[in-house]
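In terms of this note's numbering, the sequence shown opens at residue 488 and continues consecutively.
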Amino acid sequence: MTLHSRALLGSALVVVLALGAVSSYAQAATPAAPALPATAVPPGPGPWTVPKELPGVTAVVDLKSTRGGTLAGLFTQDGRTVLSVRPAGSTTWGPATPAPGGATLQRTDDGALSLLSWTAAADDGRRTLKLSRIAPDGTAFGPAEDVTTGTLAGDWAHRRTQLTTLAANSKGHQAVAWMDAEHRLTVVERPGPNADWSAPRTLDRLPDPIVRDDNVYHYVLWDLRVAVDEDGTVGVLWGGNSHYTGDGVDPDPSAYKWHYKYLEKPAAAESSWTGPRDLPLLLGERPKQVALAAHPQGGFHLLSGGTYARKAAGAAEWGQPERAGIGARPYAPAELLTAPNGDVTAVGMTGSGTAGVATRPASRGSWGTPRKIASYVDADSLGAAATPNGAVVVTYTQKRFELGRTVREDFVAQTVQHGDLSKPRTLSARTKDTVSTGRVAADAKGRPVAVWTESAPGATPAAYTATTGTRAKPKWHDYADDARADVVGLSFGDSMKLYTGDATNPTETFHASPWDSEARVVPFGDADGDRCNDLIVRLPGGEARLYTPVCGGLPTPDSPHRRLARDWSRYDTLLASGDQTGDGRPDLLARDKATGDVYLYAHDGAGAFKSRVKIRSAWTGYTRVVGAGDLDGDGLGDVLALDRSGELWRYDGLPTGKLADRVRVFKDWGASYKDVVGAGDVNGDGKHDLLSRDTANRLWLNAGKGNGTFGNRSAYGDATYWKQWASIA
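The structure is reproduced here in structure tokens:
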């Protein structure tokens, strides 16, 4: 059957971002001036654009980019592996063409992309190694050239180890290493992209099998790494271990042996390869999945089992090992990425299902403490790409849970810069039972570009792509990241809930557990500058916390948070209406239970709240005080207050942070309501609305008119549904 070329044309797909991170930290702050993070959480490279579909693509095999930003992808389409290119400066993928069997995409330090493949074996078993290349600033693959001929190991094809690997320095000095059919390490090289390839050189061989009475222990290749440093020195690290292939008989521990070697060919003219050398101190007794790369300041560095070492340019020996704390994935080493200034970032695993990152700044010369990226990560999905500004974008597939059950597996992106982690961004759709996974690379503008697939039982997998842009300020009360206000609250089932629908188009509520139903949730604006709305939660014991979840997500109690106060029980009301002072930042209001005095905690724009200021006295006559958002469109937050006689009053915000004199909104109103929420624009007309729940658990909408007043109420939700909520906000 002939595979026809197919254009990968994009069509828009709207997605809603999902859960937040699950790692946590907490720091104390004085009750009078609650502290925000001293340094805002890095916002990452910006929001991800609306995903576009890549028609016909059902799997992402690999994705890489050149120095100039041309992207190349190996995809599965119509059951075959195809190659497609997105030239630098374009947002459209080119026609998909069949890829050679077993082809691999490899990025080299000169910024070029190469497609490596072996032809089918001839009768004598010999093959031809083919290489097609996109130049560092090119936009298309050139014609395939013959690199060399030889045999290729075939009995390890079921393993995920890459049997042929390519490296090149910034000057285009290239080297290719592979394991042949006799399990020998073979290398060819050339000093520049237009020079001739050398004859193949056999450098080492895996040992013969270990024979026992009950089994033969064959050596299995786990690592084959090649690197070329700036001076042209070529380094190769390779190895494997004897492997039990029996039928269930207990293995013989004495038959487990490891063969790991490092070989090097110095850059000096007429230099020859060193003999294979052990690296016991660096790799331990049982190495596996070792990262090896050229260091930007010359020489090489490696990472194995959480241990890092560098071999400086011209040095005869490796330096002292350092603990990095980042381990390999099951079938691939940790990512070892370097910035031009010599900063090193390691991305890998810190435990079962837990991804982590660590950074070694060149200015400090030692590793920082490893940082947890996320839990419940599919280790083999973990990938990373460096951007020109030194940031590293990490992607992974993460399990999501509702009430202890896995409901889907999301494709998530996160940025590491200067050792700091941005919030994670869920790129895949929040559809139950879907599994999403993909890859990331950088485009011509240095922005990350992700391509991923989403698959569900009984459905054909679909592929999508997205990049990043700039994010506008979030809409008030928008937690689903869909530019509409949402209802947040707690259920009697100990879950925080997010309702994103309306009266005619109900949307399934998202849950985050476990939360005590006696806690109180205060929808807040963007506290940390990442253009996502945040939440303040007061726990039943009085502790107040600021949570900064990802756009489109809810926190769990142990999600990242900052303690605002150990005990704010003296406040019977905490509320936020957005910006109370006219500086573009959200502020917090609190009413003292004993005195009724209302205090303003103004955001100071530098990572903290200013000291509290009393803006109203003796509001003891109001049964409810509500943060209503900007009701009149002047950019300032307004406040609603319901008195004991059932009259609803509006206090307009002033640029001074104080409140104007009250104006009556409704008379004889609210006697039957147990919840009143200034919910933002829930009906999509651009004006802030009012939601109320009565004692019979029916929800009512008073649509805002944009001038501080509201229309008559209309039914908004079924009592059967809303009676499950302990509180709404």
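For every residue, glycine included, the Cβ atom is placed at its ideal position computed from N, Cα and C. Computed from a predicted structure; not experimentally measured.
Distance between residue 910 and residue 1047, taken at the CA atoms: about 10 Å.
In the structure shown, residue 951 falls within a strand segment according to DSSP collapsed to helix, strand and coil. The region 715-731 and the region 794-812 touch, with no fewer than 3 CB-CB distances between them shorter than 8 Å. In this structure, the beta-carbon distance from residue 960 to residue 1018 falls below 8 Å. With a contact defined as Cβ atoms closer than 8 Å, residue 1051 and residue 1031 qualify at about 4 Å. In the structure shown, residue 549 adopts extended strand secondary structure according to DSSP, grouped into three states. Residue 1104 is classed as exposed because its beta carbon has fewer than 16 other beta carbons within 10 Å across all chains shown. Membership of residue 1203 in the beta strand (DSSP E) is indicated by the continuous run 1197-1204. Distances from the CA of residue 1147 to each of 1126, 1167, 1162, 562 were compared; the closest alpha carbon is that of 1126.
Annotated as proximal: residue 586 and residue 570, with beta-carbon spacing under 8 Å.
The beta carbon of residue 1006 sits closer than 8 Å to the beta carbons of 977, 1024, 1025, 1026, 1027 from its chain, once the five residues preceding and following it are set aside; these are given in chain order. Here residue 935 carries a strand assignment [DSSP, helix/strand/coil]. Classified as buried, residue 539 has 16 or more neighbouring CB atoms from the shown chains inside 10 Å of its CB. Checking the DSSP bridge columns, you'll see residue 1096 partnered with 1090. DSSP, reduced to helix, strand and coil, places residue 1010 within a strand of the structure shown. Secondary structure at residue 741: helix, using DSSP grouped into helix, strand and coil. Nearest in C-alpha terms to residue 665, of all of 567, 637, 749, 682, is 637.
Among the bridge pairs identified by DSSP, residue 688 is matched with 674. Just so you know, the alpha carbons of residue 764 and residue 691 end up roughly 10 Å apart. Annotated as proximal: residue 705 and residue 730, with beta-carbon spacing under 8 Å. Judged by DSSP secondary structure, residue 925 falls within the beta strand (DSSP E) whose first and last residues are 922-929.
Residues of the same chain with a CB within less than 6 Å of the CB of residue 864, apart from the 5 flanking positions on each side, are 840, 842, 883, 885 in chain order. Boundaries of the beta strand (DSSP E) harbouring residue 885: 879-889, taken from the DSSP string. If you ignore the 5 residues before and after residue 859, its C-beta comes within less than 8 Å of the C-beta of 510, 837, 841, 842, 843, all in its own chain and listed in chain order. DSSP, reduced to helix, strand and coil, places residue 1002 outside both helices and strands of the structure shown, so it counts as coil.
For the region 683-729, the full-length beta strand (DSSP E) segments reaching 3 residues or more read 688-692, 703-715 along the chain. Residue 1054 sits in coil when the DSSP states are folded into three classes, being neither helix nor strand.
A direct Cα-Cα distance of roughly 14 Å separates residue 649 from residue 817. Beyond the five residues adjoining it in sequence on each side, residue 1010 comes within less than 6 Å, by CB distance, of 964, 975, 1216 in the same chain, given in chain order.
Residue burial annotation: residue 612 is exposed, with fewer than 16 other C-beta atoms found within 10 angstroms of its C-beta. Exposed is the label assigned to residue 1208, since fewer than 16 other Cβ atoms lie within 10 Å of its Cβ. Relative to the Cα of residue 1195, the nearest Cα in the group 695, 774, 696, 1152 belongs to 1152. Boundaries of the beta strand (DSSP E) harbouring residue 1160: 1160-1167, taken from the DSSP string. Residue pairing from DSSP places residue 986 in a beta bridge opposite 974.
Of the other Cβ atoms in all chains shown, 16 or more fall within 10 Å of the Cβ of residue 916; this residue is therefore buried. Looking at the backbone, the Cα of residue 703 and that of residue 738 are separated by about 10 Å.
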